[in-house]
Amino acid sequence: MSGNDPTEPREPTGPRSRGRALLMAAVVVVAVIVGGSLVVAAGSDDGDAAASDGSTWPPALRAADGTSTATATRHTGPQGRVGQFVAKCQRDHSAPDDPIVFPGLPGRSHMHEFYGAVGVDADTTPASMLAADTTCDKPADRASYWHPTVYDHGEAVVASELDAYYRAAPGVDPTEVSTMPFGLALIAGDMTYSTPQPGESVGWTCGVRSTLSDEPPTCPESAPLTFLLVFQDCWDGEHLDSVDHRSHAAYSTDGECPDGYPVHLPQLTVSVTLPIFGEGHDLSLASGNVYSLHGDFFNGWHPEGLEREIDGCIRRDVVCDLRTNRSEPTNLEDLFS
Amino acid sequence: MTARRTRSLLAGVALLLGASALAACGSSDSSDGDSSGTTEASGEGTTLAVPGDYKTIQAAVDAASPGDLVLVDEGTYNEAVDVETEDITIRGVDRNKVILDGEFKLENGIRVLETDGVVVENLTARNYKANGFFWTGSDRYRASYVTAYRNGDYGIYAFDAYDGQIDNSLGSGSPDAGVYIGECYKCNAVIDNVISENNGLGYSGTNSGGDLYIINSTFRNNRAGIVPNSGSYELCYPSRGTTIIGNIVHDNNNTDAPAIDVALLAHGNGILLAGAVEADVERNLVYNHDRGGIIAVPFPEEDANDLPLDKDEWDRPCEETRKDDLADPADIPGLVIWHPWDNTVRDNVVSDSGLADLGSGTIDLDGEITTADLGNCFSGNTYTTTSPTDLEALAPCDGEGSDGDWEAGAFDLLVLMNEKPEAPSADSWKTQPEPEDQPNMPDARTAPAVKFEGPTKPDLDAIEVPEKP
C-alpha cells in the first residue's frame, strides 16, 4: 500500500480518537429538525480535514494497491449472539447509474436496483443523500444500497426491500468498532467474475438460512430465493474510496484487521429476498451471470444517527433489532410428504 | 448490571448535541408550564421538567442522573427517546395527554439500551414504526400505567431483559404482540393488570420463562390471546415455565387486527402453548374463540438453526445455553418440531370454542412422539369440549390417566395449520382504533421516583377465576 496522502491528514476514528471524531462530526454536520424537516448546514473544522468525511466531494481516491485477499467471515445461527441493529429499506427505483463507479455519467452503468436514500443517480453525493428522504425504517439511514437488477428468464425481478444488518464482525471486540465515515463507498462481491467467487462475501440462499451457495438454490415459498452481500469491516482510516473501489477497505480474519487497515467498522450484511421460489428459475444479473453478484453501499447516514446506533447497539453489545424467521412453513403437508 | 453477557462498556460516553437531531423537538401543544410544584416528586434525585427545564424528553433523559425523575407535561412529543442512564424514571403528568407520537416515521417511543432500572410511567406512545416501549438487554425494568397503540412491531417489548414488571398498562394495534417478554430464562418478570387488544398476538414470548407471571390481565379482540412459543430462530429456547393465572381471555378472532405470520397461524385461539413447555395455566376465564380455548400445540420451525434441548437441560439459564455450540447442520431436519411438553392446565373456566375448549396435540416427522407422550395435564377445568375427547380423563394432573382413545376427537393439525386466514395489508396497524382514555397513576405530579429493585413474586394462591365483564 502507499503511504498516507499528505493532502488528507486524517486520523482513524478508532476509540482512542473517538471523542475528536464525534466532535468533528458535530461540527461538520449540524442538523436541525424544524417541523419535521431536516436542515443541514455543512462545514468543516479545518480545510483539509473535510476530505474523508464526505463534506468535500469528490474525495481523493486511494490508488488500487490493496494487498488483502481475505474474504468475509459471516455471522451464522440465531441472531442475538452479538449486538446489532438492522435497517429495513424499501426498493426505491431502477436506473443504469452508479454514483461510485461512474459518478457524473448517467446511463453509463448496467441496470441497478436502489434502496435507501431516495432518488439516487449518477450525480448523487453524500450531501445530496443526507438531504434526501429515505425508504429505510430508520430515519437516520440516508445511505444508498444498490445491486444489479436480477432477471429470471430474461424478465426483471424486483425485491420489495432489503435488510441491512450492522454488527461487529465475528471475533471483533465490539467496543473497538468505529463509525463508518460519511461518504464511505464499499462494494461487496466482484462483478467481473463469471465463475464462482472465492469466499463468502456474496452468495445465494433461501430465506434466512445460514448456508450460502454459489448457485441460486431452489427455495420453498416460505423461504424465497435470497442473496447476501457482506461488506468489508476494516478501513484504512483515510480514504472514502479508491480507484478500484476496494483498496481502501478489507475484511477481518479472526477478529483482526490486516496491516494497513487499522479501523474496525461495523460489518454490514445486506440481505435481499426475491419473489422467486420453486423449480425452474433461470437467473442472470445485469452485470452478467449469477457469479457476478455484487452490491454497493454509499454512506449517507446521518452521522450522529449512525453513531448513536453504533454506540447504543454494537459497542454496548445490545440487540436493537431482529429480523428473524417468525414465519411459518407455507404448506406443512408438503413438508411432511 | 448483570454478568449474564460479556459486556465491555465505554465509560462516560456522552452523545453530542444533547437531544437526538433525529427526534423532532417536543412540540408541546398544550402545557401548563408549571413545574414548580413537582420538585417534591423525586425521591432522592432531581426532577427534570419537560418542557419546563428541557425542551425535549431526550434532552432531559440525557441530562438525568441515577435517581432522577423526568416529569413530562401534557403535550405531543415527536421523539424517539434512547435511554442510557440507569435508575431513572420517565413519567407523564397525565397518561392520556402526554403522548409520544412517532407519526409513522420514528422507530421506538422509548428505547432502553442495556441500562438497568429504567421506569416508564403514565404516558402514551403511538404511531411508531417499531415499538412503543422497548427494553433490550436492560434489567429491573418497569412499565406502569402506559398506553402503547398503533405501533408497527410491538406495543410493550422486553427482550433479553430480566427482573421486570409491566403493570396497569395497555398494548393495542400492533401486528406482533401488544405485550412481549422474550429471550430470558429465568426472566423473573410479572405482567399484572394489563389490557392487550387489537393486536396480532395479545401476549407473545419467544424462548422466555422461569418466574414469569402473566396475571390478572385481559387479552381481547386480538387474533390470538396468549401465545408463548419456542424456536431456534432466537436464543434461549425453549419457552419454559410461563405462569398464566387469573386472566380474562376472550374473542381473540379479530380479522381486522394486524398480523405477522405466526399471528395468522395462531388466529382464533385464546391461550395457545406453541411448543412451550412446563407452562402453568390456571384459573383463567376463556371464552368465544373460533378455534380453541386453551390448547397445547407444536411449533414447526423450518430452516431451524438448532435442535431442541433435552429435558434435563431445560433448567439451564439462558446465559449458559446461549453460548452452546449449535447442532451440526447435517443433523438438523428441514422441519424441526418444538413439541409442547409437560404443561399444566387446571381450574380454568373455558367456553364457546369453535373446535375445543381444551386441547393437546402434536405432529412428529418420525411418528415416535404422540400426543399421549407429551405429559400435558388437564384437571378441574370447566369446559364443554376437548381434543382429544375426554382429555381430562386421559391426562389428569393427579394420578394415572384412563386407557381411553387418544385418537378420538384429535386435531388434524396438518389441516388446521394450513387453514390460515388471509393476511391483512402490511400497513393495517396504522389504522387500528384509538383506545379509550385509561386510568392515571395516583399522584403523578407529586409521587416520588422510587428505585425499582425488581418485581415482587405475586401471591398466586390469592388469585381467583375472574368474573365475566
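So the protein lines, in turn, are chains A and B.
Its first residue numbered 33, the first sequence is counted upward by one per residue in this note's numbering.
Its first residue numbered 848, the second sequence is counted upward by one per residue in this note's numbering.
Each residue gets a CB set at the ideal place from its N, CA and C atoms; glycine is no exception.
Everything numeric in this text was worked out from a predicted model, so none of it was measured.
Excluding sequence positions up to five before and after R348 of chain A, its CB lies within less than 7 angstroms of the CB of G115, all in the same chain and listed in chain order.
Residue-level contact by beta carbon fails for P158 of chain A and chain B, as no gap is shorter than 7 angstroms.
Taking a Cβ-Cβ cut-off of 8 angstroms, the neighbours of T243 of chain A in chain B comprise P1176, given in sequence order.
When DSSP states are grouped into helix, strand and coil, I1310 of chain B belongs to the coil group. Between G332 of chain A and R123 of chain A, the C-beta gap is not smaller than 7 angstroms, which leaves the two residues out of contact. Below 8 angstroms, too few C-beta pairs join the segment 319-327 of chain A and the segment 197-211 of chain A to call them touching: fewer than three.
Close to chain A, meaning a Cβ-Cβ distance shorter than 7 angstroms, are the following residues of the segment 997-1029 of chain B: F1006, D1007. The Cβ of N1152 of chain B sits closer than 7 angstroms to at least one Cβ of chain A. As the crow flies, the alpha-carbon of A995 of chain B is around 14 angstroms from that of A927 of chain B. For V351 of chain A, the nearest CB of chain B lies under 7 angstroms from its own CB, placing it at the interface with that chain. Cβ-Cβ distances below 6 angstroms link V1183 of chain B to E1148, A1151 in the same chain, with the five nearest sequence neighbours on each side left out; the list follows chain order. The beta-bridge partner set that DSSP reports for L338 of chain A is empty. Across the structure, S1249 of chain B and A1240 of chain B are spaced so that their CA atoms are roughly 6 angstroms apart. In this structure the segment 241-251 of chain A does not lie against the segment 144-164 of chain A, because fewer than three pairs of beta carbons, one per stretch, are closer than 8 angstroms.
For C1083 of chain B against R987 of chain B, the beta-carbon gap comes to about 19 angstroms, at or over 8 angstroms, which does not count as contact. The straight-line gap separating the alpha-carbon atoms of P307 of chain A and W1276 of chain B is approximately 24 angstroms. Note that the segment 1011-1020 of chain B touches the segment 1279-1293 of chain B; at least 3 beta-carbon pairs, one per stretch, sit closer than 8 angstroms. Contact annotation for A255 of chain A against chain B: E1149, D1150 [CB-CB distance below 9 angstroms, chain order].
In the three-state DSSP reduction, R347 of chain A falls in the helix class (H, G or I). Counted as a single uninterrupted DSSP element, the alpha helix (DSSP H) harbouring C1165 of chain B occupies residues 1165-1168. Approximately 5 angstroms separates the beta-carbon atoms of N1068 of chain B and D1098 of chain B; this is inside 8 angstroms, confirming the contact.
Per DSSP, V118 of chain A is one residue of the beta strand (DSSP E) stretching across 116-127.
Straight through space, the alpha carbons of P110 of chain A and Y1080 of chain B are spaced by roughly 5 angstroms. Contact between T1089 of chain B and A1123 of chain B holds: CB atoms are separated by about 6 angstroms, below the 8 angstroms threshold.
R199 of chain A has a beta carbon lying at 7 angstroms or more from every beta carbon in chain B.
Cβ atoms of V940 of chain B and A1291 of chain B come within 8 angstroms of each other, at about 5 angstroms. Taking all protein chains shown into account, P230 of chain A has fewer than 16 neighbouring C-beta atoms within 10 Å of its C-beta and is therefore exposed.
Restricting attention to alpha helix (DSSP H) runs no shorter than 4 residues, the segment 234-296 of chain A encloses none. Between G1115 of chain B and chain A, the shortest Cβ-Cβ separation is not below 7 angstroms. Within 9 angstroms of the CB of P213 of chain A, no CB atom of chain B is found; the nearest one sits about 16 angstroms away.
Closest by C-alpha distance to T983 of chain B, out of B:T1209, B:S991, B:Y1001, is B:Y1001. The alpha-carbon separation between A119 of chain A and T108 of chain A amounts to approximately 18 angstroms. Per DSSP, V1109 of chain B is one residue of the alpha helix (DSSP H) stretching across 1108-1113.
Taking 9 angstroms as the Cβ-Cβ cut-off, the segment 965-995 of chain B approaches chain A at K976, A977, F981, T983, G984, S985, given in chain order. A check of alpha carbon separations from A990 of chain B across B:V1026, B:S1086, B:M1264 identifies B:V1026 as the nearest. In the structure shown, the three-state DSSP call for E1239 of chain B is helix.
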